[in-house]
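Mapping to the working numbering: the sequence shown position 84 is 1029, numbers consecutive. The C-beta atom is built at its ideal place from N, Cα and C for all residues, glycine as well. In this text the structure is predicted, and so the values were computed from the model without any measurement. A short worksheet on the structure shown next.
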Amino acid sequence: MRKILVSVLLAAAALYANCALALDSSGTPVVVTPLVSRTTTASGQPITLPQKNVQVLVSTFDIAVGATLPVHRHPFPRYAYVEAGTLKVTNVETGNSNTYKTGDFIIEMIGQWHQATNIGDGPVKLLVIDQVEEGAKNTELRQ
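In C-alpha cells:
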C-alpha cells in the first residue's frame, strides 16, 4: 500500500511540475501549461533580439494545400504557432528540413534562406509573431 501511495505522489508531482497552477481574481483555478522553452532557432542559431526600438507584429497566415512560399529570410526573430495543418520548412542553404504539425511552435531561422510547403491534406493556419526594429519588415524575398 505504501509503495502505491509513493508512486501516486511521484506521478502527481511530475504532472504538477509540467503544469503551473494559478488562480484568477475570484479564486478559480487557471492551468498554465508550458509549451516550449528554447534558446536557439530551428537551425540552431542563438536567438538575438533587435537592439533598438523593438516592435512586435502579430499576424495569421493561411497557406493552401500544396502551396509553397517563395524562398525568403527573416532579419529579425519570427515565431509561429501551428494552429492547423502540416508544414515542411527547408533551409535552402543547407538542405535541412523540419516538418511541423498542429500544436507545434516554430522558432524560425534568422538571416538564412528558406521556404515552406504545405504538405498536408488541409490548409495550414499559423499565428505568427515578429520582433523587429520599429518600422522594419521581417521578410526579405530572394531575387
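With distances taken between CA atoms, G1065 lies nearest to V1010 out of V1010, E1078, T1047. Pairing T986 with Q1060 gives a Cβ-Cβ distance that is not under 8 Å. Boundaries of the beta strand (DSSP E) harbouring Q1000: 999-1008, taken from the DSSP string. About 6 Å separates the beta carbon of V999 from that of Q1076, a gap short enough to meet the 8 Å contact definition.
Straight-line spacing of the CA atoms in F1050 and G989 works out to 15 Å. With 16 or more other CB atoms across the displayed protein chains lying within 10 angstroms of its CB, R1023 is buried. Taking the C-beta atoms as reference points, R1087 is found no nearer than 8 Å to Q1057. Distance between E1028 and N1083, taken at the CA atoms: about 21 Å. For N1043, the uninterrupted beta strand (DSSP E) segment begins and ends at 1042-1046. N1083 sits in coil when the DSSP states are folded into three classes, being neither helix nor strand. Non-local C-beta neighbours of T1039 in its own chain, meaning closer than 6 Å and more than five positions away in sequence, are absent. From the listed residues I1052, V981, K1033, the smallest Cα separation to I992 is found for I1052.
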